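Numbering (the working numbering), first residue to last: -15 to 279.
First comes the structure, then the notes that go with it.
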Ligand code: PAF
């Protein structure tokens, strides 16, 4: 029915087996927390597991490198896979269940003619603009995983700021709001400020040294922030990124609540700075809340 890995985390590969096990837990009145991932786990993921464990009786982590959300096939092929290490880390973190489905299990009808989600402007700005189709793929898989796991809470990292908004919208669109609470947890950073990310594993030594430049740039935006027109601050950020060896997709300042791009700041609107930039062929993203609570 299920494989008990040598590490003690219960591993499920089949939806039916996971459903049966979870039904039994729910019958006991236990609360389920869910951490969806694409593997190559790092301390950022593990902090989500820890938060879920503190707030629920059972924590389920999924590892599924979702082909539907990669707009760049090269990025999909190079996405790091470290499953043995991931299982060891989940065990150390005390995660109860690992769901490790195949592509056929998640997409039994294949990847064509899949459901479309009305994400409105969230799909046309920032990550939506530069990674066409990406958020449709994210919604597809997270909706499917939520139907399978049916958790009380889902845990997401704030590093993927726009993804958090998209998933929150998808949950409303699919009528899951009220049944599943979205918990957004702070970004974890390396000592030099680089946001933890699975893609960091692909950086070579030289790239790794440069990568913290994104966080430096976010800090500079925050330092330079003042009421009025914001375009000069954004231009400076783009120049700084280019000077540090990045190929930026964008360095923007947006409304922290809805991600609308802000050009003129009234001094009150909550703001977030968002950056996406390539170091050679590795695309990194990060963000920093400029007003209110700092991430
Ligand atoms: O952030 C990620 O790792 C992925 O986009 C997610 C939420 C696991 C969906 O595949």
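Think of the CB as a built atom: it goes at the ideal place given N, C-alpha and C, for glycine as much as any other residue.
Keep in mind that this is a model prediction, so the values were computed, not measured.
Exercise. Can you round the beta-carbon distance between residue 152 and residue 133 to whole angstroms, since I take them to be within the 8 Å contact cut?
Worked result: Numbered from 1 along the chain shown, position 168 holds the residue referred to as residue 152. Numbered from 1 along the chain shown, position 149 holds the residue referred to as residue 133. Actually they are not in contact, since the Cβ atoms of residue 152 and residue 133 sit about 17 Å apart, beyond 8 Å.
Problem set entry | Three-way DSSP call (helix, strand, coil) for residue 126 in this model | Numbered from its first residue, the chain shown carries residue 126 at position 142. Helix.
For this session: Take the Cβ of residue 29 as the centre, count every other Cβ of all protein chains shown within 10 Å, and call the residue buried at 16 or more, exposed below.
Result: Within the chain shown, residue 29 is the residue found at index 45, counting from 1. It counts as buried.
Exercise. Is residue 20 near the ligand PAF, judged by its Cβ being under 6 Å from some heavy atom?
Worked result: Position 36 of the chain shown, counted from the start, is the residue given in the question as residue 20. Indeed, a heavy atom of the ligand PAF lies less than 6 Å from the Cβ.
Exercise. When the Cα of residue 17 is compared with those of 24, 179, 107, 42, which residue comes out closest?
Worked result: For the purposes of this step, residue 17 is taken as the residue at position 33 of the chain shown. Ranked by how close their Cα comes to the Cα of residue 17, the residues 24, 179, 107, 42 have 42 in first place.
For this session: Please go through the stretch 98 to 143 and give each complete alpha helix (DSSP H) segment of 4 or more residues, from N-terminal end onward.
Result: 111 to 114, 118 to 133
For this session: Taking the CB atoms as reference points, tell me whether residue 209 and residue 230 lie closer together than 7 Å.
Result: Sequence index remark: in the chain shown, residue 209 carries index 225 (1-based). Sequence index remark: in the chain shown, residue 230 carries index 246 (1-based). Against a cut-off of 7 Å, the Cβ pair of residue 230 and residue 209 comes out as no contact.
Exercise. Where does residue 148 sit, in a helix, a strand or coil, going by DSSP?
Worked result: Numbered from its first residue, the chain shown carries residue 148 at position 164. Here residue 148 sits in helix by DSSP.
Problem set entry | Straight-line Cα distance separating residue 49 from residue 183 | Counted from its first residue, the chain shown places residue 183 at position 199. Counted from its first residue, the chain shown places residue 49 at position 65. Each residue's alpha carbon lies about 13 Å from the other.
Problem set entry | Endpoints, beta strand (DSSP E) assigned at residue 256 | Position 272 of the chain shown, counted from the start, is the residue given in the question as residue 256. Segment 255 to 263, the beta strand (DSSP E) holding residue 256.
Problem set entry | the stretch 100 to 108 / the stretch -8 to 12 touching (three or more Cβ pairs under 8 Å) | Result no; under three Cβ-Cβ pairs closer than 8 Å.
Exercise. Would you say residue 214 and residue 237 are within 7 Å of each other, going by their C-beta atoms?
Worked result: Looking up residue 214 in the chain shown gives position 230. Looking up residue 237 in the chain shown gives position 253. Yes.
Problem set entry | Burial state of residue 56 (16 or more Cβ within 10 Å) | The residue you call residue 56 lines up with position 72 of the chain shown. By the neighbour-count rule (16 or more Cβ atoms within 10 Å), residue 56 is not buried but exposed.
Problem set entry | For residue 248, the residue or residues it bridges with in DSSP | Counting from 1 along the chain shown, the entry for residue 248 is found at position 264. Answer is 213.
Problem set entry | residue 171 versus residue -3: straight-line alpha-carbon distance, rounded | In the chain shown, residue 171 corresponds to position 187, counting from 1. In the chain shown, residue -3 corresponds to position 13, counting from 1. Near 29 Å, if we compare the C-alpha coordinates of residue -3 and residue 171.
Exercise. Should the stretch 57 to 70 be regarded as contacting the stretch 216 to 230, the criterion being three or more beta carbon pairs within less than 8 Å?
Worked result: No: the two stretches stay apart, fewer than three of their Cβ pairs being nearer than 8 Å.
Exercise. Does DSSP put residue 279 in a helix, a strand or coil?
Worked result: Taking the first residue of the chain shown as 1, we reach residue 279 at position 295. Low per-residue confidence applies at residue 279: pLDDT is 42, beneath 50, and the placement is therefore not dependable enough to give any value.
Problem set entry | With 16 other Cβ atoms within 10 Å as the buried cut-off, status of residue 108 | Position 124 of the chain shown, counted from the first residue, corresponds to residue 108. Exposed, since its Cβ has fewer than 16 Cβ neighbours within 10 Å.
For this session: Below 8 Å on the Cβ atoms is my guess for residue 160 versus residue 130; work out the distance and round it to an integer in Å.
Result: Counting from one through the chain shown, the residue named residue 160 turns up at place 176. Counting from one through the chain shown, the residue named residue 130 turns up at place 146. Yes, residue 160 and residue 130 are in contact; Cβ-Cβ is about 6 Å, under 8 Å.
For this session: Verify whether the separation of the beta carbon atoms of residue 35 and residue 148 is less than 7 Å.
Result: Residue mapping note: residue 35 aligns to position 51 of the chain shown, counting from 1. Residue mapping note: residue 148 aligns to position 164 of the chain shown, counting from 1. Taking C-beta atoms as the reference points, residue 35 and residue 148 fail to come closer than 7 Å.
For this session: Assign residue 68 to buried or exposed, taking buried as 16 or more other Cβ atoms, counted over all protein chains shown, within 10 Å of its Cβ.
Result: Sequence index remark: in the chain shown, residue 68 carries index 84 (1-based). Residue 68 is exposed by the Cβ-count criterion.
Problem set entry | Complete alpha helix (DSSP H) runs within the stretch 15 to 46 (minimum length 4 residues, chain order) | 27 to 39
For this session: Might you give, ordered along the chain, the residues of its own chain that have their beta carbon closer than 8 Å to the beta carbon of residue 46, omitting 5 neighbours on each side?
Result: In the chain shown, counting from the first residue as 1, residue 46 sits at position 62. Hits under 8 Å: 18, 19, 20, 21, 82, 83, 84, 85, 129, 133.
Problem set entry | Selected residue, minimal CA-CA separation from residue 245, among 89, -5, 113 | By 1-based counting over the chain shown, the position of residue 245 is 261. Selected option, being the one with the closest Cα: 113.
Exercise. Would the beta-carbon of residue 25 fall within 7 Å of that of residue 73?
Worked result: Indexing the chain shown from 1 puts residue 25 at position 41. Indexing the chain shown from 1 puts residue 73 at position 89. In this structure, residue 73 lies closer than 7 Å to residue 25 by Cβ.
For this session: Say yes only if the C-beta of residue 250 is nearer than 6 Å to one or more non-hydrogen atoms of the ligand PAF, and no if none qualify.
Result: Here residue 250 refers to the residue found at position 266 of the chain shown. No heavy atom of the ligand PAF is found nearer than 6 Å to the CB of residue 250.
Problem set entry | DSSP state of residue 174 mapped onto helix, strand, coil | Within the chain shown, numbered from 1, the residue matching residue 174 stands at position 190. Residue 174 falls in the coil class under three-state DSSP.
For this session: Report whether the distance from the Cβ of residue 281 to the nearest heavy atom of the ligand PAF is below 6 Å.
Result: The requested residue 281 is not part of the displayed model; the chain covers only -15 to 279.
Problem set entry | Nearest to residue 257 (by Cα), restricted to the options 110, 88, 122 | To locate residue 257, count along the chain shown from 1; it is residue 273. Cα-wise, what sits closest to residue 257 is 110.
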